[in-house]
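Following full-length UniProt numbering, the residues of the sequence shown are numbered contiguously, the last one being 750.
Written out below as structure tokens is the structure these notes cover.
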Amino acid sequence: MKVVIDFTGYYIKNKFMIKEFCRSDVLLRKVRTEKIIITKHPTSSECPSKREYDNYYNKYGIKKFIGHASLESLREYISSIFKQKLIQNSIYVRNPQKIQLLNEFMGHKFGGSVKCLTDFGFNTEEIVTTTCKYHDRMYSYCAQNNALVMANWLMEKNSSAVQTSKYIDHLVLDFAGHINKSQQFVIKELSLYGLSGTGDVVYQKSYVFKSYGHYDKLQPEEKRNFDDFYNTHGIQWLSGTQILGRFKSNFNKLLINSGVKFIYVRDSGKKNILTTIIGDAINVICLDRFNYQEVIDKPSNCGQHSHEDSGGADPERMTPQRVEEYITDLFSGTGVLIQVISDEETLLHEYPLFAAVNRAASIIPRHRGRIIYLTYEPQDPNGITETLLFVGKGVTYDTGGTGMKESSALSGGSRHKCGIAACVGFMQVVNLLQPPTTKVVAALCVIRNSTGENGYVADEVITAKSGWRVRITDTDVEGRLSIADALFHIRKIAVHSVNPHIFTVASVTTYAKLAPGYGYTIAIDNAVARSENNAEKLEVSGDLIGDPFEVSRMRREDFAAHLSSAEGDDIKQSSNVPITRRERCQQSPVAFLIMTSALDKHGLESEIPLKFTFIGLTSHLSMDRDLSKIYQGSPILGMSYCYLIQGKCLRLKRDPQYRLESQTQYVSKLESKPVPMTSSYPAGIAGDISQNPQFIQYPLPIIPYPESLSEDPCADSDKCEIPRTNVKVGNIQNSHGNDHGNKRNGLSTA
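Shown next as structure tokens:
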């Protein structure tokens with residue numbers, strides 16, 4: 001095992017003091033953050049001057065009153081690291097300057113027991129962006145982030161050195177596929193493991209191959225064959241990044257250059273398929289001759305499976321603790337940084353609404369909630385043109401809290417974590433595609449809504465991190481509470497990001513999905529996102545790739561429903577009306593989240609407008625709560641297509657002259673050529689008359705509009721009249737008059 005340490009600090013009377021310390025361990029195929037220590041502010045006699053600490057704060061963003069360990073305890077911990085025989089002479093820092101600072105802090109020299117990564121070719125620049133809870137600002141140097149980057153680099157270097165220094169004596173492979181129209185077996189997914197003569201794993205690769213042609217044009221028998229493959233393996237027709245023909249030639253080169261002596265497959269059927277590719281030059285051995293039995297217990301690292309691993313598992317297989325372990329294993333050694341917040345004191349202070357839901361479950365270690373931050377940043381931070389920020393709901397099981405669900409409603413409670421499953425699947429797509437201009441941050445709120453003596457109850461008033469006082473009305477409406485504070489922190493990150501767009505991804509209630517229907521993901525924009533037609537673009541992207549969206553709108557009544565007139569609170573968690581008679585059920589959580597996260601301060605006319613979209617899942621659980629119907633990962637494909645692939649170079653365009661003919665086009669920004677498709681909704685408002693101008697303005701249209709667009713959605717001849725009313729939301733007093741819209745909270749009723 002190797003250890004990478006990094007730290008930051010400041011000088012007191014020419015003596016270096018460490019403020020932030022991080023240790024990351026490099027295991028065989030995994031990097032783990034072992035320890036993070038923030039030291040307390042020194043006593044008055046040893047305090048740095050205000051100027052000295054201000055210089056430190058401006059660069060590192062850690063306030064002086066933050067800290068939980070003394071300087072002496074940190075010195076003892078560092079000394080204990082060097083005394084461990086297992087890691088002696090395997091401790092690494094970034095450069096010689098770090099060794100000098102460490103010697104100054106400890107008061108003695110470590111000699112050659114500390115190594116510099118720069119001596120081994122490490123030249124990655126320091127990371128100066130962070131979502132770490134200890135840092136007050138996003139653009140700060142974080143020891144944890146930089147230690148993870150150095151540890152991942154060291155692990156990859158060791159792994160590549162092992163693979164190039166050893167021959168492959170034994171190659172174990174497995175593959176899956178389907179029969180095409182020519183009755184030939186087509187490989188769709190393949191994995192390779194190479195073993196040395198001593199049994200060490202020296203080579204590992206996984207592939208998902210592209211499919212050619214359109215699924216709709218397949219013959220019925222070929223469709224059935226692929227559907228059987230999909231139901232078993234969960235890989236869709238359009239999934240795949242590798243070309244099978246190119247792999248065959250590279251595979252033969254691998255066999256020759258690596259000196260492979262034996263190849264192992266599961267049975268004779270796979271042996272016959274493999275010999276058509278490589279011939280009889282190498283001995284292929286069937287493992288079923290040795291009583292081999294297949295065991296499927298290790299989660300796949302393939303992006304097409306990750307949503308099913310985390311979203312479809314039972315409540316004990318994927319407890320909050322197991323979710324953390326799965327995500328850590330999935331993204332270890334990749335460009336995705338992982339940060340976990342599970343300390344109850346931190347959750348109570350920074351995520352009070354989350355902590356309230358977590359109270360009952362916190363007494364059982366494996367059920368304790370945690371918030372997991374995943375961050376992908378391109379190699380060139382200066383090339384970032386867009387930042388996508390996600391907050392996912394991950395309720396591993398929902399009992400209803402102290403207001404227990406009836407027994408028939410308990411089934412399917414484990415599927416309420418599919419919000420984080422969709423976020424994890426999207427992050428895995430990001431990890432595979434490595435977009436060069438898009439930064440992605442995801443906050444996964446993993447929690448269990450348990451019943452117990454310490455559980456939160458109705459009538460409680462809890463102050464959110466944003467300062468809003470929230471009155472609890474229903475302990476079964478825990479999802480919005482679990483993600484509201486994380487959304488507040490994501491909002492703070494978005495303010496300092498490049499072209500940010502915030503999303504919340506959450507499963508909706510059974511009654512909320514009655515309107516859109518099972519399988520149709522709900523997309524709800526605020527006014528800022530709606531001004532760029534985001535939800536409509538998602539809808540068209542979903543139609544093109546077979547992952548449909550249903551667009552909904554926010555209205556002023558959605559916010560008014562959460563206003564409270566009771567003494568001691570500002571907002572009601574939900575309506576007191578029974579859910580079976582509750583109006584606008586799918587819009588209710590969106591209004592609550594916007595208010596409690598302070599997104600209402602970033603509307604269309606604010607100084608810093610922020611795009612926000614609520615993604616509501618309906619495909620996580622069927623209406624009859626049949627768990628045999630697996631969660632298919634919606635809306636991973638639609639969102640990936642829209643924000644990472646085709647949507648990056650396409651613009652939604654509706655031609656006014658075809659307004660009543662449901663004609664919608666995707667127009668290429670590069671070639672100015674339309675990609676025709678039939679929309680599931682009319683291109684104009686049903687019943688529009690010619691005097692009404694278009695109600696949505698598209699930026700830089702390729703085909704000019706025949707008439708100018710007005711900011712007012714109503715023409716003068718419509719004679720729309722809205723009575724003047726005063727609605728108070730928090731500290732914002734709004735007057736709605738002749739503007740014909742509700743611009744409160746960045747939302748429009750137009």
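Idealized CB from N, CA, C, for every residue including glycine.
Nothing here was measured: the structure is a model prediction, and the numbers come from that model.
In the three-state reduction of the DSSP assignment, P220 falls in the helix class. If you ignore the 5 residues before and after I341, its C-beta comes within less than 7 Å of the C-beta of K133, L347, R370, I371, all in its own chain and listed in chain order. Looking at the backbone, the Cα of T129 and that of S79 are separated by about 30 Å. The alpha-carbon of E325 is positioned some 40 Å away from that of I12. Per the DSSP secondary-structure output, V395 pairs in a beta bridge with I447.
CA-to-CA, the gap between V508 and P548 works out to about 16 Å. Rounded to whole angstroms, the separation of the alpha carbons of S196 and T334 is 25 Å. Annotation: W153 to V265 spans about 33 Å, alpha carbon to alpha carbon.
Relative to I594, the option among F559, H416, H496 whose CA is nearest is F559. For V26, same chain residues with a beta-carbon under 6 Å away, outside a window of 5 residues either side, are K2, A151, L154, M155 in chain order. Ranked by Cα distance from Y141, the first of G400, Y92, T8 is T8.
L173 has L192 as its beta-bridge partners, per DSSP. Bridge pairing for K205: L192 [DSSP]. Within the same chain, and ignoring the five residues on either side of Q586 in sequence, the residues whose Cβ sits closer than 8 Å to its Cβ are V508, A512, K513, A515, P516, I522, I524, S552, G616. N454 and A355 have their C-alpha atoms some 11 Å from each other. Counting the other CB atoms within 10 Å of its CB gives I243 a total below 16, which places it among the exposed residues. Per the DSSP secondary-structure output, M17 pairs in a beta bridge with Y10. Taken in chain order, the whole beta strand (DSSP E) runs of length 3 or more contained in the segment 28 to 105 are 31 to 38, 91 to 93. Looking at the DSSP output, E583 shares a beta bridge with no other residue.
By the beta-carbon neighbour count (other beta carbons within 10 angstroms, threshold 16), L238 is exposed. Non-local C-beta neighbours of N95 in its own chain, meaning closer than 8 Å and more than five positions away in sequence, comprise C116, L117, T118, ordered along the chain. At the C-beta level, R368 and N358 come within 8 Å of one another. In chain order, M106 place their CB closer than 7 Å to the CB of R75, counting only its own chain and leaving out the 5 sequence neighbours on each side. In the assembly as shown, A421 is a buried residue. Its beta-carbon has 16 or more other beta-carbons within 10 Å. Shown here, S182 sits in coil according to DSSP, grouped into three states, outside any helix or strand. Secondary structure note for Q321: its alpha helix (DSSP H) is the uninterrupted segment 320 to 331.
A Cβ-Cβ contact shorter than 8 Å links I278 with L255. For F426, the uninterrupted alpha helix (DSSP H) segment begins and ends at 418 to 433.
H602 is the residue among H178, H602, F16 whose C-alpha sits nearest the C-alpha of A527. Taken in chain order, the whole alpha helix (DSSP H) runs of length 4 or more contained in the segment 227 to 299 are 244 to 257, 268 to 278.
Comparing alpha carbon positions, the residue from L71, N449, D314 closest to I363 is N449. DSSP assignment within the segment 503 to 565 yields the following whole beta strand (DSSP E) runs of 3 residues or more, N-terminal first: 521 to 525, 549 to 552. The residue among H108, K417, L353 with its C-alpha nearest the C-alpha of A506 is K417. Rounded to whole angstroms, N180 and L218 show a C-alpha spacing of 9 Å.
Nearest to R556 by alpha-carbon distance, out of K59, I545, Q573, V590, is V590. Ranked by Cα distance from G401, the first of L274, F185, A360, C642 is A360.
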